[in-house]
Amino acid sequence: MPLLEVTDLRTSFHTRTGVTRAVDGVSFSLERGETLGIVGESGSGKSVTCYSILGLIPQPPGRIEGGSAVFAGTDLLRCRPEEARALRGKRIAMIFQDPMTSLNPYLRIGDQLIEPLLIHERLPREEARRRGLAMLEAVGINDAARRLDLYPHEFSGGMRQRVMIAMALITKPELLIADEPTTALDVTVQAQILELIRKMQRELGMAVIFITHDLGVVSGLCDRVQVMYAGRIVETADTRTLFHAPRHPYTRALQRSIPALQAKGATLYTIPGLPPDLSRPVPGCAFAARCEHANDACRAERPALRAAAPGHLHACLRAHAGEL
Amino acid sequence: MSETILELRDVKTHFPLHRGLIFRRDAGTVKAVDGVSLSVRRGEVLGLVGESGCGKSTLARTILQLLPTTAGAVLLGGRNLTAAGAEEVRAARRDLQMIFQDPYASLNPRMTVFDTLAEPLRVHRVCTAEEIPARVHRLMERVGLAPRFLRKYPHEFSGGQRQRIAIARALALEPRIVVADEPVSALDVSIQAQILNLLAGLCREMDLTLIFIAHDLSVVKHISDRVAVMYLGRIVELGAAADVIERPQHPYTRALVSAIPVPDPDVERTRQRLVLPGDPPSPINPPPGCAFHPRCAYAVARCREAVPPLIPAGPAREAACVRLGEL
């Protein structure tokens, strides 16, 4: 049985200007210890997918329209709130993009760090503090004993993200969801944080969902990647296959627009047009309007995510027909 | 070799720090830019890279005289801007324009696209009022925006389109030099590629000199002819872009290059990574000698003694490291 099984998840936002279908029928599963990368541009629904699973979507304006997300036998979308709370922060942990806004500026680092232990494991303070200290040392913060009593503003961006990771991992979760954890950081600090996530994953054997827009980060970290566009998964495969033999035109276009993979000075490939407006759903493939291979069938019929090879699924009619 | 269009001579931009509200006392100095010398050639794209806090944005603002220079000289076509009066600096801005990182903050939300693009033409009186609409139309075409957008306001545009408007505004005065401060870092990859192509095309067509600031080395390598690497207010390495990034010599550049994840799983999983320990030091209290020595794997005693100057390191290459020959 997979650790997490998401089936036909649909989340929308009801606003004055209409209904935005941010996540529109997403299904995937995750095995224990596996690292899954979710790649997509802003507005593709990669963060909303994970926030929905964790029950972090503000309702209203958000609404989970349907689907299920079964984590170790419990449907996170339908269980009682206290059941979800018992899992969240203990067996499932999350780290966010911006470590400054996700730490409480009024609380000392130590107090925030040990909160999950006090709540979920009901440890005595002394014991929790001892584990907090060990965890801070494990994520590579020097002079940890003194730093437990500092406030977030006294830490640099990279150190704050280390604290966030320590806080997420202190209860030894089985699943870590990381939402662009290195986007706000410098490359050298990003390299430190990625190394740390790799190390902690080896030690704890947890599964990781890594949300990012950076294909470079995915290539070194993830076992499997899924690419999202306009609230749907358009392609998923193991990392090597996705990079070396992508089938969906959007995945290919994304890859071709990265400067690192192009000859220097050559004109970069660009995807014409703009991402679609999710409050005005189109009948066919959401990418058809920007796709150089789209034909009438693409604009008429919504393509399903189907297997092209074992473990390699994509949602392109023409690629399935063998035309691409 | 083509002529030098902009020259920086030992430029320093320091910010004094104060403590206390009523009884202000000095509490040190932030040495954001601390002795940068650089000549920019006409028509080239010069990339400026470094981590946050290394002084690259301060340097950009210093070049445009948006910040007072503490010491040194900024020479535009031989004219020293640091010694010039306000009127002269303003006139120089016809030749020297800037594109900012955040297209959500750099456009006035209460001005239409037309007004935004017409303003520099009016301020600098470059043409008569009757000629303005035609010139604005040409600018819109140049950056790939449809003229029907002219009456719209910035909030009606996406990030990529806004950045096109900001580029059009910078080009309105037909400047000789454009300084672009992280112009693509706020954009998604597919949009980033569009803006990079646009900038590269404009440089070719308009004989423009571009100073391109970014923290993303792959973007800089793609667009730049030469690249300067900054660390804590100083240039530590300088040379042809592909050469510096493919064969970095300064230990800091090596670490920076090694930190970029490669979007190819086979390469990424087998390559040797140099993970740099710690964070960049504070520019208030920089370490003595080479500012990089506390994080450098190759540091020896003499690295702590004096600030290493930029010395030749191969053809058209310079690096500021005392151990260059030994590494």
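The listed protein sequences derive, respectively, from chains V and Z. Take 988 as the starting number for the first sequence in our numbering and just add one per residue. Take 269 as the starting number for the second sequence in our numbering and just add one per residue. C-beta atoms are modelled at their ideal positions from N, C-alpha and C, and glycine is treated no differently.
Practice problem: Tell me, please, whether the CB atom of Leu464(Z) is closer than 7 Å to any CB atom in chain V? | Solution: Indexing the second sequence from 1 puts residue 464(Z) at position 196. Closer than 7 Å: yes.
Practice problem: Decide if Lys1186(V) is buried, meaning its Cβ has at least 16 other Cβ atoms within 10 Å, or exposed. | Solution: Start at 1 with the first residue of the first sequence, and residue 1186(V) comes out as number 199. Per the 10 Å Cβ criterion, exposed.
Quiz item: When the Cβ atoms of the segment 285-294 of chain Z are set against those of the segment 407-415 of chain Z, are three or more pairs found closer than 8 Å?
Solution: Segments in contact, no.
Quiz prompt | Nearest neighbour of Ser1029(V), chosen from Arg1243(V), Tyr1216(V), Ala1287(V), Ala1281(V) [CA to CA] | solution = To locate residue 1029(V), count along the first sequence from 1; it is residue 42. For Ser1029(V), the nearest C-alpha among the options comes from Tyr1216(V).
Quiz item: Using a beta-carbon distance cut-off of less than 8 Å, what residues from the segment 272-298 of chain Z approach chain V?
Solution: Within the segment 272-298 of chain Z, no residue qualifies.
Quiz item: Exposed or buried, Gln540(Z), counting other C-beta atoms within 10 Å across all chains shown (16 or more means buried)?
Solution: Taking the second sequence and counting its residues from 1, the one referred to as residue 540(Z) is at position 272. Exposed, because fewer than 16 other Cβ atoms sit within 10 Å of the Cβ of Gln540(Z).
Quiz item: Can you tell me whether DSSP reads Arg292(Z) as helix, strand or coil?
Solution: By 1-based counting over the second sequence, the position of residue 292(Z) is 24. The answer is coil: DSSP assigns Arg292(Z) none of H, G, I, E or B.
Self-check item: Val404(Z), DSSP secondary structure in three states
Solution: For the purposes of this step, residue 404(Z) is taken as the residue at position 136 of the second sequence. Residue state, collapsed to three classes: helix.
Self-check item: For Pro371(Z) and Gln431(Z), the rounded distance between their alpha carbons
Solution: As a working note, residue 431(Z) is residue 163 in the second sequence. As a working note, residue 371(Z) is residue 103 in the second sequence. Straight-line Cα distance between these residues: approximately 5 Å.
Practice problem: Run through the segment 317-398 of chain Z for me and flag every whole alpha helix (DSSP H) of 4 or more residues, listed as ranges in chain order. | Solution: Counting only runs of 4 or more, we get 324-331, 354-360, 381-391.
Exercise. Pick out the complete beta strand (DSSP E) segments inside the segment 1202-1276 of chain V, 3 residues or longer, and give them in chain order.
Key: Within the segment 1202-1276 of chain V, the runs of beta strand (DSSP E) at least 3 residues long that lie entirely inside it are, in chain order, 1211-1216, 1219-1225.
Exercise. Taking only beta-carbon positions, decide if Val1214(V) is within less than 7 Å of chain Z.
Key: Position 227 of the first sequence, counted from the start, is the residue given in the question as residue 1214(V). No, Val1214(V) does not count as interfacial toward chain Z.
Quiz item: Taking 7 Å as the CB-CB limit, is Pro531(Z) close to chain V?
Solution: Here the question's residue 531(Z) lines up with position 263 in the second sequence. Yes, because at least one Cβ of chain V sits closer than 7 Å to the Cβ of Pro531(Z).
Quiz prompt | Glu319(Z) vs Pro548(Z) beta-carbon contact at 7 Å | solution = Reading the second sequence from its first residue, position 51 is the one you call residue 319(Z). Reading the second sequence from its first residue, position 280 is the one you call residue 548(Z). Pairing Glu319(Z) with Pro548(Z) gives a Cβ-Cβ distance under 7 Å.
Exercise. Alpha carbon to alpha carbon, how far is Tyr1093(V) from Asp1085(V)? Give it in angstroms, no decimals.
Key: What you label residue 1085(V) is simply residue 98 of the first sequence in a count that begins at 1. What you label residue 1093(V) is simply residue 106 of the first sequence in a count that begins at 1. Straight-line spacing of the CA atoms in Asp1085(V) and Tyr1093(V) works out to 17 Å.
Practice problem: Measure how close the beta-carbons of Phe560(Z) and Val504(Z) come, nearest whole angstrom, since I'm counting them as under 8 Å. | Solution: Here residue 560(Z) corresponds to residue number 292 of the second sequence, with the count starting at 1. Here residue 504(Z) corresponds to residue number 236 of the second sequence, with the count starting at 1. Rounded, the Cβ-Cβ distance is 7 Å, consistent with contact.
Self-check item: Rounded straight-line distance, which links the Cα of Lys299(Z) to that of Gly507(Z)
Solution: Sequence index remark: in the second sequence, residue 507(Z) carries index 239 (1-based). Sequence index remark: in the second sequence, residue 299(Z) carries index 31 (1-based). If I take the Cα positions, the gap works out to 24 Å.
Quiz item: When you compare only the Cα positions, how much space is there between Val535(Z) and Ser1206(V)?
Solution: On the second sequence, position 267 is the one that residue 535(Z) refers to. On the first sequence, position 219 is the one that residue 1206(V) refers to. For Val535(Z) and Ser1206(V), the distance between alpha carbons rounds to 9 Å.
Quiz item: What is the rounded straight-line gap between the Cα of Pro533(Z) and the Cα of Val1006(V)?
Solution: Numbered from its first residue, the second sequence carries residue 533(Z) at position 265. Numbered from its first residue, the first sequence carries residue 1006(V) at position 19. Rounded to the nearest angstrom, the two C-alpha atoms are 38 Å apart.
Quiz prompt | Pairwise C-alpha distance: Pro377(Z) and Ala397(Z) | solution = Translated into the one-based positions of the second sequence, residue 397(Z) becomes position 129. Translated into the one-based positions of the second sequence, residue 377(Z) becomes position 109. For Ala397(Z) and Pro377(Z), the distance between alpha carbons rounds to 23 Å.
Quiz item: Does any CB atom of chain Z fall closer than 7 Å to the CB of Thr1169(V)?
Solution: On the first sequence, residue 1169(V) is found 182 positions in, with the first residue counted as 1. Output row for Thr1169(V): interface = no.
Self-check item: Residue-level contact to chain V via CB, Glu424(Z), 7 Å cutoff
Solution: For this step, residue 424(Z) is matched to residue 156 along the second sequence. Not an interface residue.
Quiz item: Any Cβ of chain Z within less than 7 Å of the Cβ of Pro1246(V)?
Solution: Here residue 1246(V) corresponds to residue number 259 of the first sequence, with the count starting at 1. So, interface residue.
Quiz item: Can you tell me whether Leu595(Z) is buried or exposed, with buried defined as 16 or more other CB within 10 angstroms of its CB?
Solution: The residue you call residue 595(Z) lines up with position 327 of the second sequence. Exposed, because fewer than 16 other Cβ atoms sit within 10 Å of the Cβ of Leu595(Z).
Quiz item: Is Thr994(V) close to chain Z, meaning its C-beta is less than 7 Å from at least one C-beta of that chain?
Solution: Position 7 of the first sequence, counting from 1, holds the residue named residue 994(V). Chain Z, which has no Cβ nearer than 7 Å to the Cβ of Thr994(V), makes this no.
Self-check item: Neighbourhood of Arg347(Z) by C-beta, 8 Å cutoff - its chain only, sequence neighbours within 5 removed
Solution: Translated into positions along the second sequence, residue 347(Z) becomes position 79. Sequence-distant partners of Arg347(Z) (beyond 5 residues in either direction) whose C-beta falls short of 8 Å from its own C-beta, in its chain, are Glu356, Ala360.
Quiz item: Nearest to Gly1271(V) by CA position, among Asp1283(V), Gly1309(V), Leu1265(V), Ala1306(V), is which residue?
Solution: Position 284 of the first sequence, counted from the start, is the residue given in the question as residue 1271(V). Selected option, being the one with the closest Cα: Asp1283(V).
Exercise. Identify, in the order they occur along the chain, each residue of the same chain with its Cβ nearer than 7 Å to the Cβ of His1001(V), setting aside the five sequence neighbours on each side.
Key: By 1-based counting over the first sequence, the position of residue 1001(V) is 14. The answer, listed in chain order, is Pro1047, Pro1048, Arg1050.
Quiz item: Just reading off the beta strand (DSSP E) that Arg1008(V) is part of, what are its end residues?
Solution: Mapped onto the first sequence, residue 1008(V) falls at position 21. DSSP places Arg1008(V) in the uninterrupted beta strand (DSSP E) bounded by 1005-1017.
Quiz item: Can you list the residues of chain Z that Ile1258(V) reaches, using a CB-CB cut of under 7 Å?
Solution: The sequence position of residue 1258(V) within the first sequence is 271, counting from 1. Ser458, listed in chain order.
Self-check item: For Lys280(Z), the three-state DSSP class (helix, strand or coil)
Solution: Stepping through the second sequence from its first residue, residue 280(Z) is reached at position 12. Strand, per DSSP.
Self-check item: Same chain, Cβ closer than 7 Å to Arg1243(V), five either side skipped, listed in chain order
Solution: Residue 1243(V) sits at position 256 when you count from the first residue of the first sequence. Excluding sequence neighbours, Arg1243(V) sits near Tyr1256.
Quiz item: In chain V, which residues lie with their C-beta within 7 Å of the C-beta of Ala461(Z)?
Solution: In the second sequence, the residue the question calls residue 461(Z) occupies position 193. Near Ala461(Z) (Cβ distances below 7 Å), the residues of chain V are Ser1244, Leu1255, Tyr1256, Thr1257.
Quiz item: Whose CA, out of Pro516(Z), Arg292(Z), Val452(Z), Pro443(Z), lies closest to the CA of Glu473(Z)?
Solution: Within the second sequence, residue 473(Z) is the residue found at index 205, counting from 1. With distances taken between Cα atoms, Glu473(Z) lies closest to Pro443(Z).
Exercise. Using only alpha-carbon positions, find the residue among Glu1141(V), Arg1277(V), Met1146(V), Ala1308(V) that is nearest to Thr1124(V).
Key: Stepping through the first sequence from its first residue, residue 1124(V) is reached at position 137. Here residue 1124(V) is Glu; the residue named in the question, Thr, does not match the sequence. Closest option to Glu1124(V), Cα to Cα, is Met1146(V).
Practice problem: Name, please, each residue of chain Z whose Cβ falls closer than 7 Å to the Cβ of Ser1029(V). | Solution: Walking along the first sequence from the start, residue 1029(V) turns up at place 42. Residues of chain Z whose Cβ lies closer than 7 Å to the Cβ of Ser1029(V) are, in chain order, Asp456.
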